[in-house]
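A short write-up of the structure that comes next.
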Amino acid sequence: MKQYKVIKVYYDYKLASLEKVMNDMAKEGWEVVCMTHEPSNTSKYIITFCREDSDKEA
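Counting in the numbering used here, the sequence shown runs from 58 upward without gaps.
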């Protein structure tokens with residue numbers, strides 16, 4: 058079974074905050090499934106991550 062997580066990240070000009078969140082999540086086994094932005098007046102991106110559920114019984 059898959060496990061999903063959705064995170065909001067504030068926009069910054071060099072996109073460093075987005076890269077940091079994505080790299081930190083990748084170290085925990087998460088992969089980006091989708092990325093979109095909220096309305097332009099909020100300056101936030103929404104990133105959806107997915108990974109295999111580690112609690113899954115064999």
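Cβ coordinates follow ideal geometry from the N, Cα and C atoms, glycine included. Computed from a predicted structure; not experimentally measured.
Can you have a look at residue i and say buried or exposed, based on whether 16 or more other CB atoms are within 10 angstroms of its CB?
i: Val-63; result: exposed
i: Lys-92; result: A small correction: the amino acid at residue 92 is Met; Lys does not occupy that position in the sequence shown. So Met-92 counts as exposed.
i: Ala-115; result: Only weak support is given to the placement of Ala-115: the predicted model assigns it a pLDDT of 46, under 50, and the value that follows is read from those uncertain coordinates. Exposed, by the Cβ-count rule.
Excluding the 5 residues flanking residue i on each side, which residues of the same chain have their C-beta closer than 8 Å to its C-beta?
i: Lys-71; result: none
i: Ser-100; result: Tyr-67, Tyr-68
i: Tyr-15; result: Lying outside 58 to 115, the shown extent of the chain, residue 15 is not represented and no answer is given.
i: Met-79; result: Val-89, Ile-104
Classify residue i as helix, strand or coil using the three-state DSSP reduction.
i: Glu-109; result: strand
i: Tyr-102; result: strand
Under DSSP, the alpha helix (DSSP H) around residue i begins and ends at which residues?
i: Met-82; result: 73 to 84
In the DSSP assignment, find the beta strand (DSSP E) that holds residue i and state where it starts and stops.
i: Met-92; result: 88 to 94
i: Tyr-61; result: 59 to 67
Might you give, ordered along the chain, the residues of its own chain that have their beta carbon closer than 7 Å to the beta carbon of residue i, omitting 5 neighbours on each side?
i: Leu-75; result: Val-66, Tyr-102
i: Met-82; result: Phe-106
Leaving aside the five residues before and after residue i along the sequence, list all residues of the same chain whose C-beta is less than 6 Å from its C-beta, in chain order.
i: Trp-87; result: Phe-106, Arg-108
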